[in-house]
Structures are given as structure tokens and as C-alpha cells.
Amino acid sequence: MHSTASDGADPPQRLPQLAVDAGLTAIALTDHDTAAGVRACAEAAAALGLDFLAGIELSADPSPLQPHLDAPRGTLHLLGYGIDPDAPHLLEIQQQLLRARADRNPEMIARLNDLGVNIAYDEVLAVAGGQVVGRPHIAQVMVRKGYVKSIHEAFARYIGQGAAAYTRRDQLSPADAIAAIHDAGGLAVLAHPTQLELPDHDAVEHAAAQLKALGLDGIETRHPDHAPSDTARFEAIADRLSLLATGGSDYHGSSKPITLGATKTPRAAFDRLRNALT
Ligand code: AMP
Ligand code: ZN
């Protein structure tokens, strides 16, 4: 789940109640590039008797997995499950990623301004609320000011990969991301592999094997982006590579059209993940 600490719409302390209402027995908070919401979420989960894993979702540079491409493509997100949110090295990485966003966001806004979309960085900061400012916040301001009709249109026309105002800022290597997660006592999981935009499942297996050589522990097989056939293929990959299979709804609240609990992950997957931590 994501909270207002990154680009989710619900505050971290509110998520456990929503999860209980949706019939879930366990959740993990994995905000983009920050563990700032973990403590509040953990406390609320404990008060409700809901099982909880502290997490983070680090944005990493996909290019080491794409030696055949001239420019990086797709999204490489590495989930860290069971991390200590106060681990010093991971805190340093979070600061580094925040700085990268602080460089990139004004650049994207300048490009939007050049394209006639007159939004200001301050307006985006106000929408973001938390420390991690991302493209969904920029998109929300664009919708509010009437430049686009939907978040989807904002990404498609302006800020999605390949669109006119898109600016890449992935600096963290996959090796460093995995090492930082391990250093914080967590397990590293390849998030939503389809977003790597690789040509086929064999290429996903190759990428997962490369990441496994760097210490990867698992692969997210269940995700709202995955067709049932994707999930089946990814579970087979997890089996062959001896990786944990994990899943989640990637819930972002009203920031995204995802229903909490709609992506069903068996309780056993959570238990295997938690047991692997001990
Ligand atoms: P950022 O971290 O600033 O690069 O933004 C990443 C966030 O934007 C993640 O929550 C993505 O799921 C979301 N995102 C990426 N592409 C799209 C899209 N086409 N439509 C809606 N959200 C998107
Ligand atoms: Zn992600």
C-alpha cells in the first residue's frame, strides 16, 4: 500500500482500518522512496491486530538490465519488505532519492510551462503534502487547473515515459537498491515486472536472474497490472529461480483506480515472506 508519505491519498495511520474493512488480514506499507509513514502505519495496524510489514519501494535505474537499448526504458521498482525504517544506510538512500526528485520535478514543470501548461512547483508541493513529490501530484494539479481531463491524460500527453515533459531521474543502481534493503534487514522483491516493458516473459526471467545474482529475494507475481497468464508465468519464474512469490494491490487511495484487496494474494504468500525474514 502507498500513503500520503509518497503518492497515495490516505494518511499512513488510516490505511490499517481501510484494510480491515476490506477483509484483509495482513498489509505492507511500501511508499515510493520513503519509509516515513511506516511508524504511524505500524502503530495503527498493531492497535487493530492486523499483521504488518514495514516496507519501501525504491526506484532504480533499469539500464543495467537493458544492455541492448540505447536509452533506458520502463520502470524498475524494488520493494523492500521487513525493513528497519531507521536503518542509516537506507535513510541515506532516501535522502539521495529525494534530492534527485528535487532536481527533476522543477525541470519537468519548466518543460510543462514551455508547452503552455502553467503550473507552479509550489502548487505541486501543496498537493503532495509529504516529502516525496512525484508525477501523480503534478498530474493532479494539471487536472485541477483544467489542462487535462484526467490523470491518465496527463501521463499520456505530457509526463508519461516518452511524452514531451517526461524527465528521467533514476540514479540508484539495482545493486545498490538491493544492498540497501538487505542492510536494513529487509528482503528485496522485483515489483510489477510488466512495468519493465521487456519484450516477453523470457526477458523477464533473464532480468530476474540478473537481479538474483545481485541478491534479489523475490518477485511480485500478483499485481493489478498482471493478467492471470502473467501471474502464472511469473510464479513459474519464481519457482525456477527459487525466488519468493509476493503480491499486492499497489493501493494508492483515490490517486489511482485500484480497489483495496481486489488483487487477492494468498495468506500463505505473506507467511512465507515473513518467515523468510526471521
Ligand atoms: P514518479 O515516482 O514521480 O516517477 O511517479 C511514479 C508514479 O506514477 C507511480 O505511482 C506510478 O504508478 C504512476 N504512474 C506512472 N505512469 C502512470 C500512468 N500512465 N498513469 C497513471 N499513473 C502512472
Ligand atoms: Zn511501483
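Just so we're aligned: the sequence shown equals residues 85 to 362 in this note's numbering. Cβ coordinates follow ideal geometry from the N, Cα and C atoms, glycine included.
On the three-state DSSP scale, how would you describe His-116? strand
Between the beta-carbon of Thr-278 and the beta-carbon of Gly-302, is there less than 9 Å? no
Might you give, ordered along the chain, the residues of its own chain that have their beta carbon closer than 8 Å to the beta carbon of Phe-136, omitting 5 neighbours on each side? Pro-100, Ala-110, Ile-111, Ala-112, Leu-113, Cys-125, Ala-126, Ala-129 and Ala-130
Quick one, which of Ala-272, Leu-108 and Asp-284 has its alpha-carbon nearest Ala-352's? Leu-108
For Val-201, which residues of its own chain have a beta-carbon under 7 Å away from its beta-carbon, when the five flanking residues on both sides are left out? Met-226, Tyr-231 and Tyr-242
Through-space distance from Asn-197 to Gly-269, alpha-carbon basis: 43 Å
Nearer than 8 Å: is that true of the beta carbon of His-116 relative to any heavy atom of the ligand ZN? yes
If you scan the region 268-356 from start to end, which runs of the alpha helix (DSSP H) of 4 or more residues do you find wholly inside it? 285-297 and 312-324
Can you give the Cα-Cα distance for Gln-150 and Thr-343, rounded to whole angstroms? 33 Å
For the ligand AMP, any of its heavy atoms closer than 8 Å to the Cβ of Pro-277? no
Comparing C-alpha positions only, which one of Arg-123, Asp-154 and Pro-146 sits nearest to Leu-140? According to the sequence provided, residue 140 is Ile. The question's Leu does not apply to it. It is Arg-123.
Coil, strand or helix - Asp-140 by DSSP: The amino acid at residue 140 is misidentified as Asp; the sequence shows Ile. Three-state DSSP puts Ile-140 in a strand.
DSSP-derived helix/strand/coil call for His-266: helix
Does the beta-carbon of Lys-340, which I'm using as the reference point, lie nearer than 8 Å to any heavy atom of the ligand AMP? yes
Going by beta carbon distance, what residues of the same chain come within less than 6 Å of Leu-181, once the five residues before and after it are set aside? Asp-117
Would DSSP call Asp-135 helix, strand or coil? strand
Alpha carbon of Leu-327 to alpha carbon of Tyr-165, nearest angstrom: 14 Å
Rounded to the nearest angstrom, what separates Ala-311 and Pro-283 at their Cα positions? 16 Å
Which complete beta strand (DSSP E) runs does the region 166-240 hold, if anything under 3 residues is left out? none
Would the C-beta of His-310 count as close to the ligand ZN, meaning under 8 Å from any of its heavy atoms? no
Just to confirm, are Asp-94 and Leu-102 a CB contact at a threshold of 9 Å? yes
Within 10 Å of its beta-carbon, does Ala-245 have 16 or more other beta-carbons around it, so buried, or fewer, so exposed? Sequence inspection shows Gln at residue 245; the Ala mentioned does not correspond to that position. With fewer than 16 other Cβ atoms within 10 Å, it is exposed.
Beta-carbon separation (whole angstroms), Ala-362 vs Leu-280, contact threshold 8 Å: According to the sequence as given, residue 362 is Thr; it is not Ala. About 30 Å; that fails the 8 Å criterion.
Can you say whether Glu-191 is buried or exposed, counting buried as having 16 or more other CB atoms within 10 angstroms of its CB? exposed
Using a Cβ-Cβ cut-off of 6 Å (strictly less than) and excluding sequence neighbours within five positions of Arg-253, which residues of its own chain qualify? Ala-184 and Arg-188
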